[in-house]
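One structure is given here, and the rest of the page talks about it.
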Amino acid sequence: MNNNEFSQMVYNLVAKIPYGRVTTYGLIALMLGFPQNARQVGQALHNAPQYLDLPCHRVVNHSGKLAPFWPEQRQLLENEGVHFNSFGNVDMNVIMPWIQQNSTQ
DNA sequence: AGGTTGACTCACC
DNA sequence: TGGTGAGCCAACC
């Protein structure tokens, strides 16, 4: 288990986020079995190569705040029908583990 | 080796 | 709701 594999797992999981659904770094880390590595999830996404076409705009922090340095992220999510509250954060009701309903595959 | 930083999270207040 | 401090772990001087 090296760091490259961890990133690989992150990419694999992020790629499965359904349209219009949002999750958090900590949740991803949790599903991967590394609840302490939420920050590494962020780093992995930060370093994610663009050719992977990851929907990393669907990943926010636990308070629903979007990634810094990336103003367009909000617009991308709104295009998918993700509801934002008056604080400019993602509504918490779309932040949840979606792995269950995906498990048929 | 030691200090700082960060696309994080939680407990407290 | 929001600020702060403390854990946390990997990356970068």
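When you line the first sequence up against the numbering used here, it's residues 498 to 602, in that order.
Positions of the beta carbon are idealized from the N, C-alpha and C atoms, including for glycine.
May I have the straight-line CA-CA distance separating residue i from residue j, to the nearest angstrom?
i	j	result
Gln540	Leu574	21 Å
Gly561	Ser583	12 Å
Asn590	Met498	33 Å
Ala512	Gln537	17 Å
Gln533	Val507	14 Å
Cys553	Pro546	11 Å
Phe581	Arg555	13 Å
Asn576	Asp588	15 Å
Gln572	Tyr548	21 Å
Gly578	Gly517	6 Å
Gln505	Phe531	14 Å
Excluding sequence positions up to five away, which residues of its chain have a Cβ less than 7 Å from the Cβ of residue i?
i	result
Ala564	Gln570
Ala535	Tyr522, Gly523 and Ala526
Hey, residue i and residue j: beta-carbon distance below 9 Å or not?
i	j	result
Thr520	Trp567	no
Val557	Ile592	yes
Which one of the options has the shortest CA to CA distance from residue i?
i	options	result
Phe503	Ile525, Lys513 and Ile514	Ile525
Leu529	Asn500, Gly585, Asn586 and Val591	Asn500
Leu542	Val587, Glu577 and Tyr522	Tyr522
His559	Leu527, Leu549 and Tyr516	Leu527
Residues in the same chain with beta-carbon distance under 8 Å from residue i, minus the five sequence neighbours each way, listed in chain order, please.
i	result
Leu551	Tyr508, Val511, Ala512, Leu542 and Ala545
Under 6 Å Cβ to Cβ from residue i, same chain only, skipping five residues before and after it: list those, please.
i	result
Asn586	Gly561 and Lys562
DSSP puts residue i in a beta bridge; with which residues?
i	result
Ile592	Val519
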